[in-house]
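Data first, discussion second: the structure below is written as structure tokens.
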Amino acid sequence: MRSRLALLSALTPALALVAGLPFVNRLEPVVFGLPFLLFWILGWVCVTPAFLVVAYLLLPAAADRSADGERR
Amino acid sequence: MTTPLLVILAFIFVSAAVGVIGRGRGEMSLERWSVGGRRFGVILVWLLTAGEIYTSFTFLGASGWAYSRGAPAFYILAYGTVGYIISFFLLPPVWRMAKRLGLHTQPDFFLARYNSPALGSLVAIVGVVSIVPYLQLQLASLGMIVEIASAGAVTSHLAIVVAFALTCMFVYTSGLKGIAWVAIIKDVAMIVAVAVIGIGLPSMYFGGVGQMLAELVRRHPAHLTLPGSTTTMGVGWVVSTILLTGMGFYCWPHTFASAFSAKDDRTLRRNAVIMPLYQLPILLVFFVGFTALLVMPGLKNPDTALLALVTRSYPGWFAGFVGGAGAVTAMVPASMLLLVASTLVAKNIYRPLKRGAVGEEHLMRAARSFMLIVAAIALVLALWSPNELVKLLIFGYDGIAQFFPGIALGVFVRRVTARPVILGLVAGEVVVISLIWSGHDPFLGLNAGFVALAVNALIAIGSMAILNPGLRAGARVPETQH
Numbered sequence: 000m001r002s003r004l005a006l007l008s009a010l011t012p013a014l015a016l017v018a019g020l021p022f023v024n025r026l027e028p029v030v031f032g033l034p035f036l037l038f039w040i041l042g043w044v045c046v047t048p049a050f051l052v053v054a055y056l057l058l059p060a061a062a063d064r065s066a067d068g069e070r071r
Numbered sequence: 000m001t002t003p004l005l006v007i008l009a010f011i012f013v014s015a016a017v018g019v020i021g022r023g024r025g026e027m028s029l030e031r032w033s034v035g036g037r038r039f040g041v042i043l044v045w046l047l048t049a050g051e052i053y054t055s056f057t058f059l060g061a062s063g064w065a066y067s068r069g070a071p072a073f074y075i076l077a078y079g080t081v082g083y084i085i086s087f088f089l090l091p092p093v094w095r096m097a098k099r100l101g102l103h104t105q106p107d108f109f110l111a112r113y114n115s116p117a118l119g120s121l122v123a124i125v126g127v128v129s130i131v132p133y134l135q136l137q138l139a140s141l142g143m144i145v146e147i148a149s150a151g152a153v154t155s156h157l158a159i160v161v162a163f164a165l166t167c168m169f170v171y172t173s174g175l176k177g178i179a180w181v182a183i184i185k186d187v188a189m190i191v192a193v194a195v196i197g198i199g200l201p202s203m204y205f206g207g208v209g210q211m212l213a214e215l216v217r218r219h220p221a222h223l224t225l226p227g228s229t230t231t232m233g234v235g236w237v238v239s240t241i242l243l244t245g246m247g248f249y250c251w252p253h254t255f256a257s258a259f260s261a262k263d264d265r266t267l268r269r270n271a272v273i274m275p276l277y278q279l280p281i282l283l284v285f286f287v288g289f290t291a292l293l294v295m296p297g298l299k300n301p302d303t304a305l306l307a308l309v310t311r312s313y314p315g316w317f318a319g320f321v322g323g324a325g326a327v328t329a330m331v332p333a334s335m336l337l338l339v340a341s342t343l344v345a346k347n348i349y350r351p352l353k354r355g356a357v358g359e360e361h362l363m364r365a366a367r368s369f370m371l372i373v374a375a376i377a378l379v380l381a382l383w384s385p386n387e388l389v390k391l392l393i394f395g396y397d398g399i400a401q402f403f404p405g406i407a408l409g410v411f412v413r414r415v416t417a418r419p420v421i422l423g424l425v426a427g428e429v430v431v432i433s434l435i436w437s438g439h440d441p442f443l444g445l446n447a448g449f450v451a452l453a454v455n456a457l458i459a460i461g462s463m464a465i466l467n468p469g470l471r472a473g474a475r476v477p478e479t480q481h
């Protein structure tokens, strides 16, 4: 469970940077002076470390278990 | 004209000296030379990763793309982040396998995981063949940077020869540890230079970044949304390129090798957490490219946009500083590429040919000799055919990314054996070469390398289902566990 959550957290920004692009390919609204497409990409790059920290904190316990849940 | 020249020379010589001194004390072994004795903590790994990704091509290419293509350049900001996210899961198990089995190189990994000398040699050859144009590109960029920043006082050929000879010297003596020390100079200088010009130039000409962007939208309304000022680089191209280059990011022999130099697997995860923030200077490089487009449109070679605008806008000593930073930014990746290519040739091509009769000390000497040979080849190519670069580099990146299924399946799927991976890899390389050669990149609006990677993955997974039945599907690869 924890490793699934870690995967989900880490993959969120990757999805936003890849699958999100078709929906944000526009100039408006301008945020902090940046056209929206650039703001979207920049914003996700900036918050990626936060999502990865969550994954990092979730993982240590999970990494000690093998795939089928037995204690190694 | 002498001020910028002196600043650039000082940069190059001081960096080389630091690289030689950075060797430290004690006997040099191949383990120490090529992977730093596998003792690097989070700071050194970070420096090396930064050293690898911030190449002179980032400087010139990102500003050049922002200048000539516009929004498609944004992929450069995104793909590294995708690459780090993938590395967060991929590199720790690779590290555990490398540690357990004493691996030094990427072909070592394929050889050990798949127990297939054929796959090991195939990966070694594709790796070296792809590194040479990358190395050549670094040298050509270095020549261009120094020539423009010194206002022609140093020709590009002279700059390439001098800087590269010094680079070879510190790689030869110090190996990876020396490179890490030079990377410190490079990173500090590069960040200072980019911060000053990325904020300074838009303010100088337009009163601020926001005003500059508003002016850009007014004059070139299509430049900042996809496909920007291109006809082929639409959303599909950018998405497929981010996926391809993100997955290919850690497939390069030298980036993959960061899994060998780290002191533990958690170091690699922590590195992946902080690295995305290091992408941010690329944004500033875009701003320089945009400003250049407004201030000096119509440049023949867009890759010169950043340097042309800097020499026009700042006093000589600062142009020299940017030139020196740029030169070191080429020297560090070049040194890393040299180190990895020569270790790879010595360990994974030369030693198998000698059929095992090669001791550690012999191998170390061989690696240093091959370093000089690889350096000579790249130098000759950089001096005499610098214009064929970009196509070769595209081949390189697309070719290297084809390793991804073999690495990911190798780490996460126990039942996969060599044959499905070889079939996929060969199919992927054939698709890359035929699509690019026949001028079909982009293909159906997608990056040709991505199309090849999809074919590669489908064939690898499909033939795995046929060739490797029986073994329990969910089982983990034992060497990657704690």
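For the record, the sequence lines run as chains H and W. Just so you know, numbering that gives the first Met the number 0 puts the end of the first sequence at 71, numbered straight through with nothing missing. Just so you know, numbering that gives the first Met the number 0 puts the end of the second sequence at 481, numbered straight through with nothing missing. Where a beta carbon is used, it is the ideal one built from N, C-alpha and C, also for glycine.
Query                                                                                                                               : Result
Backbone secondary structure at H/Val30 - three-state DSSP                                                                          : strand
Length at least 4, wholly inside the segment 369 to 425 of chain W: the alpha helix (DSSP H) runs in chain order                    : 388 to 400 and 403 to 411
C-beta neighbour in chain W for H/Gly42, strict 8 Å                                                                                 : no
In DSSP terms, what W/Leu445 is bridged to                                                                                          : W/Phe442
Continuous alpha helix (DSSP H) stretch holding W/Ile198: start and end                                                             : Ser155 to Phe205
Any chain W beta carbon closer than 8 Å to H/Arg3                                                                                   : no
Test: W/Phe73 CB closer than 8 Å to a CB of chain H                                                                                 : yes
Whole-angstrom distance between W/Ser368 and H/Phe11, CA atom to CA atom                                                            : Before going on, a small fix: residue 11 of chain H reads as Thr here, not Phe. Answer to the nearest angstrom: the Cα atoms are 46 Å apart.
Outcome for W/Glu359 when other beta-carbon atoms lying within 10 angstroms are tallied against a minimum of 16                     : exposed
Under 7 Å by beta carbon: chain H residues contacting W/Gly209                                                                      : Gly32
Any chain W beta carbon closer than 8 Å to H/Pro12                                                                                  : yes
Contacts around W/Ala194, its chain only, beta-carbon distance under 8 Å, and the 5 residues preceding and following it disregarded : Pro280 and Leu283
Close Cβ partners of H/Gly68 (< 6 Å) along its chain, the five nearest in sequence each way excluded                                : Unreliable positioning characterises H/Gly68 in this predicted model, as indicated by a pLDDT of 35, which lies under 50. A coordinate reading is not provided.
Within-8 Å CB hit, H/Leu16 to chain W                                                                                               : yes
Straight-line gap, W/Phe285 to H/Leu6 (C-alpha atoms, nearest Å)                                                                    : 32 Å
The segment 430 to 443 of chain W: positions lying closer than 8 Å to chain H by Cβ                                                 : none
Cβ of H/Pro28 within 8 Å of any chain W Cβ                                                                                          : no
Closest residue to W/Trp94 among W/Arg265, W/Glu428, W/Gly206 and W/Ala9 (Cα-Cα distance)                                           : W/Arg265
CB of W/Leu337 within 8 Å of CB of W/Ala365, strictly                                                                               : no
Short-range partners of chain H found in the segment 68 to 95 of chain W, where Cβ spacing is below 9 Å                             : Ala70, Phe73, Tyr74, Leu76, Ala77, Tyr78, Gly79, Thr80, Val81, Tyr83, Ile84, Ile85, Phe87, Phe88 and Pro91
Length of the line joining the Cα atoms of W/Leu529 and W/Ala340                                                                    : Coverage of chain W is limited to positions 0 through 481, which leaves residue 529 of chain W absent and any answer about it impossible.
is_contact[H/Leu57, chain W] using C-beta, thresh 8 Å                                                                               : no
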